[in-house]
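Trainee: Pasting in a structure now, in structure tokens, and then I'll have a few things to ask.
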Amino acid sequence: MDNEEGLMVSAIVFGVVAYLLNTGRGLQAMKLGKECLIFLTSKARIKEYHWFYGAINLLMFDAAYKVSNYTSAERYAKELLIIYHASSDTLKEGRLSLVLGQIYQKQNEFEKAREYYQKAADITRSTGDKQTEERCYIMIGNLFNSLCEYHKAEEYYKKALTITVSNGERDREATIYGNLGTIVQSLGEYDRAEEYYKKALPIRKEIGDREGEAADYGNLGTLFHSLGEYKKAQEYTEKALAIRKEIGDREGEAADYGNLGTLFHSLGEYKKSQEYTEKALAVRKEIGDREGEAADYGNLGTLFHSLGDYKKAQEYTEKALAIRKQIGDRKGEATGYGNLGTLFQSFGEYKKAQEYTEKALAIRKEIGDREGEAADYGNLGTLFQSLGEYRKAQAYTENSLLIRVEIGDRKGEAADYGNLGALFHSLGEYRKAQTYTENALLIREEIGDRGGEAADYGNLGALFHSLGEYTKAKDFTEKGLAITKEIGDKKGEAALYGNLGALFHSLGELEKAEFYFREALLKCKGIGDSMTEFKVVCGLTVLELAQFNLEEAFSYLFQSIAKFEKLRNFVKGNDYFQISLLENYGVFPYDMLIKLLSFSGNFTHALYVEELRRARALADLMTSQYSAKEFQFSGDPRSWCGIHHIMKGEGICSGLYLSVDDEDARIWILKTSGEIHFRRKRLDSDRQFGNAGSVPDLKVFFSESFLHFGILPRDVCEDRSLNDERVPTSSDDVNRSPSTHNNMKKNLRLCYEIIVAPVADLLKEPEIIIVPDSCMYQVPFAALIDEGGRYLSETFKIRIAPSLTTLKLIKDSPPNYHSQSGALIVGEPEVSKVIYKGQPIFLEPLPGARREAEMIGKMLGVPPLLGRHATKKAVIEQMKSVALIHFAAHGYAERGEIALCPVSTTNNIPQEEEYLLTMADVSKVQLRAKLVVLSCCHSGRGETKVEGVIGIARAFLGSGARSVLVARWALNDESTEQFMNRFYEFLFRGESASESLHEVRKWMRNNGFPEVEKWAPFMLIGDNVTLRALKKVEKAVKKVVFQPVKKVFKEVIEKPVKSVLRAVGLKKVRKTYREFQKEVVHSRVTFTEDSYRAEKINPCPDGQHDIVKTEQPVEIRFEDNVIVLQDSYCRKCGQHFFNTKHKDEL
5 MDNEEGLMVS
15 AIVFGVVAYL
25 LNTGRGLQAM
35 KLGKECLIFL
45 TSKARIKEYH
55 WFYGAINLLM
65 FDAAYKVSNY
75 TSAERYAKEL
85 LIIYHASSDT
95 LKEGRLSLVL
105 GQIYQKQNEF
115 EKAREYYQKA
125 ADITRSTGDK
135 QTEERCYIMI
145 GNLFNSLCEY
155 HKAEEYYKKA
165 LTITVSNGER
175 DREATIYGNL
185 GTIVQSLGEY
195 DRAEEYYKKA
205 LPIRKEIGDR
215 EGEAADYGNL
225 GTLFHSLGEY
235 KKAQEYTEKA
245 LAIRKEIGDR
255 EGEAADYGNL
265 GTLFHSLGEY
275 KKSQEYTEKA
285 LAVRKEIGDR
295 EGEAADYGNL
305 GTLFHSLGDY
315 KKAQEYTEKA
325 LAIRKQIGDR
335 KGEATGYGNL
345 GTLFQSFGEY
355 KKAQEYTEKA
365 LAIRKEIGDR
375 EGEAADYGNL
385 GTLFQSLGEY
395 RKAQAYTENS
405 LLIRVEIGDR
415 KGEAADYGNL
425 GALFHSLGEY
435 RKAQTYTENA
445 LLIREEIGDR
455 GGEAADYGNL
465 GALFHSLGEY
475 TKAKDFTEKG
485 LAITKEIGDK
495 KGEAALYGNL
505 GALFHSLGEL
515 EKAEFYFREA
525 LLKCKGIGDS
535 MTEFKVVCGL
545 TVLELAQFNL
555 EEAFSYLFQS
565 IAKFEKLRNF
575 VKGNDYFQIS
585 LLENYGVFPY
595 DMLIKLLSFS
605 GNFTHALYVE
615 ELRRARALAD
625 LMTSQYSAKE
635 FQFSGDPRSW
645 CGIHHIMKGE
655 GICSGLYLSV
665 DDEDARIWIL
675 KTSGEIHFRR
685 KRLDSDRQFG
695 NAGSVPDLKV
705 FFSESFLHFG
715 ILPRDVCEDR
725 SLNDERVPTS
735 SDDVNRSPST
745 HNNMKKNLRL
755 CYEIIVAPVA
765 DLLKEPEIII
775 VPDSCMYQVP
785 FAALIDEGGR
795 YLSETFKIRI
805 APSLTTLKLI
815 KDSPPNYHSQ
825 SGALIVGEPE
835 VSKVIYKGQP
845 IFLEPLPGAR
855 REAEMIGKML
865 GVPPLLGRHA
875 TKKAVIEQMK
885 SVALIHFAAH
895 GYAERGEIAL
905 CPVSTTNNIP
915 QEEEYLLTMA
925 DVSKVQLRAK
935 LVVLSCCHSG
945 RGETKVEGVI
955 GIARAFLGSG
965 ARSVLVARWA
975 LNDESTEQFM
985 NRFYEFLFRG
995 ESASESLHEV
1005 RKWMRNNGFP
1015 EVEKWAPFML
1025 IGDNVTLRAL
1035 KKVEKAVKKV
1045 VFQPVKKVFK
1055 EVIEKPVKSV
1065 LRAVGLKKVR
1075 KTYREFQKEV
1085 VHSRVTFTED
1095 SYRAEKINPC
1105 PDGQHDIVKT
1115 EQPVEIRFED
1125 NVIVLQDSYC
1135 RKCGQHFFNT
1145 KHKDEL
């Protein structure tokens, strides 16, 4: 092709590319343009083609930019910059540098963006291109604004303003005033912000810029919202909304609806807040504004958080987060994680709160969001303050404060001073608390933050209340109250009325206290703030009790429980939230009502209230698993019926229902006939229980007396503990002095005296179902000692139920729900070195656990999952459908979670999620097991909450297991093997689990294991199951399937090939496979007639091994039933190779 034809083709292609680009077909334009550039590059030396080369590059740049292909756009822009620089076209060079800066900013490459903006500004200033120079300064200002470097942003906006004013560009001037307003507002300089917005507004009106006028009204609305001047904020936002509706600005209309939503949220008018936010959301969905849609979901999340509807709060916050991830909004993603962090923090789910806040912090650091970084440090500070880790809290809050001072965020600075004040208040360092709170107050007064000012006055009031300076406390609280009334902050008003109620109660002015509590209650009802309303009703309860107005106190207690039940319904379906809600807020009303009902002789109603707080979340899990009709009592006494009948159908037994506080033990006996008896045992004035001994505090006694019971030396106990609660290395490390032994006996005797002796005359049946208080799960009930020195389990069979409701749910589960056959036996999973709690640990082998699993497998005729086969994936898959699950493995002392073999790892050392069977893992499986046996150290342990013990045993029950056998402490090696052997013997003989446990305890005591720690570690939780059907099925399978197969195998296979196997060398080696494996690792094994030879593996001299199966494999058997087959060889070099199988896999 000659030059003339080439130029003609280039011109045609240029026209087609331009046409495709102008008709919205950017991708096709780029494809054609790319081909043309290849051609033009080959003609680069011919001057006539230079114009086309630059023109096509410019079109390609436009196309890439329009389709957001910033990498390609950057490449074409840099090529154009070379062309413009070479041709001294500085005007185009400057303008393109500005656009390239924008491209880098869109990709969060802020330093490169600033570099090109500055380059563009320098070039345009030298050429006198004032319009582009002004745009450069605005872009640099926007960049520094996004990086929270507000002072630098202000500097560049002012440079742009100077040029705009001199050029007489009134519209641009108004825009820059608006930008300056948002900058100084971010700095907390609210007076200057108002000044800038009010400079912009008349210009917009003068030039008829209705869109800009609405923007200024909207900015003034957010400004007065920040100042806590909510009425002014509402007025300006509504003006903005009216204009935007008039001009059809749907995007701006949605923004104003959203701003009104957050405004009414601040005012505590939650219904209006929801209404406006949902209007904003509807518009954003209609116009396809995904970023705005995410913001509205986020705002709805914070709204429902304030309302106490935490389930909806989580749902909306996660919706917002999902959209932000989808559209690549990293800053919004960080906001979403931060909001989830504060949500989980509200419920004491501190681990999750920390996890989400740290995710937010990592993103903020990555994108350079200093303002957000400070917010996350502040949230981590309040998180650790909630945990009582005050020094960590102080460090994080001070980090936040440093950043806020650095970036000039005055409002945030005040918030941090306020948080430090609250922190030192908690530490009892009242003078420091006062100094920090007063610092916060000074800044808020200076910047005009009325809402923050009210909060500081309230905090100073609470501080002086703690100091006993009631006059100052009253003055400060009333100042705060006056401001909340002035600005219309109804939520703050309700809180401060409540504080005044508590203050006047302390002053003994009970009438005033009641007045303020009632005012608080009215405000709460008006705004629908369920949580604050609940707290106020609790305050009124205490007030009425102080005046001995029992009737009114009862009334308020029932109201508080009804309100708590309402809050609980908000989080139904979320196990974490339900447990945390009860733990953090529900203790007082239930405890107080139980005490009042018990003292007044209404013990049956007291039992219903106990059930209202006992294992409620677990009952919800079980109801969901069994798809059962909900059987639970509500806070309404009219629903309190049916508890008498729960024990019916439990066989010949009694229910022993236990509840304790610091000084009282309350005991109910439930009979299968429906009778309910009640007894109460109280500490005397000397903290004595008769002659049995003294107890300083009942809850502490029950929760701590048996924590270290059963700690055994390693020479008699393989260490099945997973964490730091390791067993001592030898008997010398264990204190076995007579005094220690006597002290333990004394505690066992004292326990009996407190909880059994008062009702001993009522316990006539051979079995007791104990429903213990949550502090009692470490008590070895079977080993309690009566006045005659006999153990409780010598007289009674014993099992545990978390609550009467859970017992009924198990009994009423569908008849065919639980499996009748199949067993999963797991022993000595191969774990070795793993990461645990962030640190590498080495888990030693458990030969005793392996023997235990092999023994049970042999009894059942089921091959156990051992060693490397006992992977987390295999276990989870197999435990879904079997009737029996047995674990003999390492257990986590805090929650009983189980260490399994990791399947694979992306790291050198497996992380927790790769090997640890957690409560969360179990809760995701719908189990059908009748019995789960956890022969792991501490498998009965967990976090002690009001709900009960939150550990792995609870997780199995909640996932559908009918009964769980767990260990309270570390296990003795020899005694556990004997215990399990006898337990399964009794079980497969047809005895129930409870009867088998009873018999094995008796057998252990009479056969060389008289120590309590050896025969009493296990407790049975749940139903009294039998496994007769399982044993029958196993026998039937053996008889019908395996015996005929075995016969056929002998006749058809074994006899004909026996001579062949003998010929090629069938061998039995008197060593274990592990010993053999160590010997032959990385070796070549050759079998001879009566032995084998291990040689180092050599590479194939002809390159890669060409491995094929041998026709006559050689078999070698080991003592532990592992078989090695020499079954393949290399066709090139003749080397032989082998693989291994367990005999049951062949």
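The working numbering puts the first residue of the sequence shown at 5, with every later residue one more than the last. Ideal Cβ positions, reconstructed from N, Cα and C, are used throughout, including at glycine.
Give a yes or no on contact between the segment 791-800 and the segment 809-823, applying the rule of three or more CB pairs nearer than 8 Å.
Mentor: No, they do not touch.
Trainee: Looking only at its own chain, which residues have a Cβ that is under 6 Å from the Cβ of tyrosine 221, when we skip the five neighbours before and after it?
Mentor: What you label residue 221 is simply residue 217 of the sequence shown in a count that begins at 1. Tyr240, Lys243 and Ala244.
Trainee: Hey, how far is the Cα of serine 967 from the Cα of lysine 489?
Mentor: Taking the first residue of the sequence shown as position 1, residue 967 is located at position 963. Taking the first residue of the sequence shown as position 1, residue 489 is located at position 485. Distance between the alpha carbons of serine 967 and lysine 489 is about 58 Å.
Trainee: Use the C-beta contact count for alanine 284: other C-beta atoms within 10 angstroms, 16 or more gives buried, fewer gives exposed.
Mentor: Taking the sequence shown and counting its residues from 1, one reaches residue 284 at position 280. Burial call: buried.
Trainee: Roughly how many whole angstroms lie between the Cα atoms of lysine 415 and tyrosine 440?
Mentor: Translated into positions along the sequence shown, residue 415 becomes position 411. Translated into positions along the sequence shown, residue 440 becomes position 436. Cα to Cα, the separation comes out at about 14 Å.
Trainee: Rounded to the nearest angstrom, what separates isoleucine 19 and leucine 147 at their Cα positions?
Mentor: Here residue 19 is taken as the residue at index 15 of the sequence shown, counted from 1. Here residue 147 is taken as the residue at index 143 of the sequence shown, counted from 1. The displayed chain sequence assigns glycine, not isoleucine, to residue 19. Approximately 37 Å, taken between the alpha carbons.
Trainee: I need the boundaries of the alpha helix (DSSP H) containing tryptophan 973, first residue and last residue.
Mentor: The count along the sequence shown starts at 1 and reaches residue 973 at position 969. Unbroken run through tryptophan 973: none, as it is neither H nor E.
Trainee: Could you give the first and the last residue of the continuous beta strand (DSSP E) run that contains phenylalanine 891?
Mentor: Start at 1 with the first residue of the sequence shown, and residue 891 comes out as number 887. Per DSSP, phenylalanine 891 belongs to the beta strand (DSSP E) from 888-892.
Trainee: For the ligand PLP, I want to know if serine 584 counts as a neighbour, meaning its beta carbon is within less than 7 Å of at least one of the ligand's heavy atoms.
Mentor: Looking at this structure, you won't find the ligand PLP or any other ligand, since it has none at all.
Trainee: Can you tell which of Asp460, Arg618 and Gln135 has its C-alpha closest to the C-alpha of lysine 163?
Mentor: Numbered from its first residue, the sequence shown carries residue 163 at position 159. If we check each option's Cα against that of lysine 163, Gln135 comes out closest.
Trainee: Hey, valine 830 and alanine 874 are a contact pair by Cβ (cut 8 Å); roughly how many whole angstroms apart?
Mentor: To locate residue 830, count along the sequence shown from 1; it is residue 826. To locate residue 874, count along the sequence shown from 1; it is residue 870. Confirmed, Cβ separation roughly 5 Å.
Trainee: Whose C-beta lies closer than 6 Å to the C-beta of glutamine 1151 among residues of the same chain, with five residues either side of it excluded?
Mentor: Past the edges of the chain, shown from 5 to 1150, lies residue 1151, and the structure says nothing about it.
Trainee: Which residue spans inside the segment 917-983 form an unbroken alpha helix (DSSP H) run of at least 4?
Mentor: Listed in chain order, they are 923-927 and 956-962.
Trainee: In terms of residue numbering, what span does the beta strand (DSSP E) encompassing histidine 681 cover?
Mentor: Translated into the one-based positions of the sequence shown, residue 681 becomes position 677. That run of the beta strand (DSSP E) goes 680-686.
Trainee: Taking the C-alpha atoms as reference points, what is the distance between glutamate 995 and threonine 1030?
Mentor: In the sequence shown, the residue the question calls residue 995 occupies position 991. In the sequence shown, the residue the question calls residue 1030 occupies position 1026. Rounded to the nearest angstrom, the two C-alpha atoms are 6 Å apart.
Trainee: Which class does proline 770 belong to by DSSP, given the choice of helix, strand or coil?
Mentor: As a position in the sequence shown, residue 770 is number 766, starting the count at 1. Proline 770 falls in the coil class under three-state DSSP.
Trainee: Under three-state DSSP, which class holds proline 844?
Mentor: Within the sequence shown, numbered from 1, the residue matching residue 844 stands at position 840. Of the three classes helix, strand and coil, the one that applies to proline 844 here is strand, per DSSP.
Trainee: So the beta strand (DSSP E) lysine 1022 belongs to, where does it begin and stop?
Mentor: Translated into the one-based positions of the sequence shown, residue 1022 becomes position 1018. According to the sequence shown, residue 1022 is phenylalanine rather than lysine. Per DSSP, phenylalanine 1022 belongs to the beta strand (DSSP E) from 1022-1026.
Trainee: Are the CB atoms of valine 546 and alanine 524 nearer to each other than 8 Å?
Mentor: Position 542 of the sequence shown, counting from 1, holds the residue named residue 546. Position 520 of the sequence shown, counting from 1, holds the residue named residue 524. Going by C-beta atoms, valine 546 is not nearer than 8 Å to alanine 524.
Trainee: Taking all protein chains shown into account, do 16 or more other C-beta atoms lie within 10 angstroms of the C-beta of cysteine 140, making it buried, or fewer, making it exposed?
Mentor: Taking the sequence shown and counting its residues from 1, the one referred to as residue 140 is at position 136. Label assigned to cysteine 140: buried.
Trainee: Beta-carbon separation of alanine 4 and leucine 969 under 8 Å?
Mentor: Past the edges of the chain, shown from 5 to 1150, lies residue 4, and the structure says nothing about it.
Trainee: To the nearest angstrom, how far is it from the Cα of tryptophan 672 to the Cα of alanine 437?
Mentor: Here residue 672 refers to the residue found at position 668 of the sequence shown. Here residue 437 refers to the residue found at position 433 of the sequence shown. When rounded, the distance between both Cα atoms is 48 Å.
Trainee: Which whole-angstrom value describes the C-beta separation of aspartate 300 and glycine 342, a residue pair presumed to lie in contact below a C-beta threshold of 8 Å?
Mentor: Here residue 300 corresponds to residue number 296 of the sequence shown, with the count starting at 1. Here residue 342 corresponds to residue number 338 of the sequence shown, with the count starting at 1. Wrong, their Cβ atoms sit about 17 Å apart, outside the cutoff.
Trainee: I'd like the ranges of any beta strand (DSSP E) spanning at least 3 consecutive residues and lying wholly in the segment 616-662.
Mentor: Listed in chain order, nothing qualifies, since the segment 616-662 has no complete beta strand (DSSP E) run of 3 or more residues.
Trainee: From what residue to what residue does the beta strand (DSSP E) around aspartate 668 run?
Mentor: Locating residue 668 in the sequence shown gives position 664, counting from the first residue. That run of the beta strand (DSSP E) goes 668-675.
Trainee: Per DSSP, what kind of secondary structure is alanine 477 in: helix, strand or coil?
Mentor: Translated into positions along the sequence shown, residue 477 becomes position 473. It is helical.
Trainee: Going by Cα to Cα distance, which pick from Ile331, Gly332 and Phe348 is closest to threonine 321?
Mentor: Position 317 of the sequence shown, counted from the first residue, corresponds to residue 321. With distances taken between Cα atoms, threonine 321 lies closest to Phe348.
Trainee: Going along the chain, which residues of its own chain have a beta-carbon closer than 6 Å to the beta-carbon of isoleucine 16, five neighbours each way excluded?
Mentor: Here residue 16 corresponds to residue number 12 of the sequence shown, with the count starting at 1. Here the set comprises nothing.
Trainee: Check tyrosine 781 in the structure and name its three-state DSSP category.
Mentor: Locating residue 781 in the sequence shown gives position 777, counting from the first residue. The answer is coil: DSSP assigns tyrosine 781 none of H, G, I, E or B.
Trainee: So what's leucine 828 in DSSP terms, helix, strand or just coil?
Mentor: Looking up residue 828 in the sequence shown gives position 824. It is a strand residue.
Trainee: Got a sec? Which residues, its chain only, sit under 7 Å from isoleucine 127 by beta carbon, not counting five neighbours each side?
Mentor: Position 123 of the sequence shown, counting from 1, holds the residue named residue 127. Result list for isoleucine 127: Thr94, Glu97, Gly98 and Ser101, in chain order.
Trainee: Classify lysine 1113 as helix, strand or coil using the three-state DSSP reduction.
Mentor: Sequence index remark: in the sequence shown, residue 1113 carries index 1109 (1-based). Strand, per DSSP.
Trainee: Give me, in chain order, the residues of the same chain whose beta-carbon lies closer than 7 Å to that of leucine 427; leave out the 5 immediate sequence neighbours on both sides.
Mentor: Within the sequence shown, numbered from 1, the residue matching residue 427 stands at position 423. Cβ within range, chain order: Gln389, Tyr394, Ala397, Gln398 and Thr401.
Trainee: How about alanine 632 and leucine 813: are their beta carbons less than 8 Å apart?
Mentor: On the sequence shown, residue 632 is found 628 positions in, with the first residue counted as 1. On the sequence shown, residue 813 is found 809 positions in, with the first residue counted as 1. In this structure, leucine 813 lies closer than 8 Å to alanine 632 by Cβ.
Trainee: Pick helix, strand or coil for proline 1236, following the three-state DSSP scheme.
Mentor: No answer is possible for residue 1236: it lies beyond the span of the chain, which begins at 5 and ends at 1150.
Trainee: Would you list the one or two residues that DSSP bridges to lysine 801?
Mentor: Position 797 of the sequence shown, counted from the start, is the residue given in the question as residue 801. Glu771.
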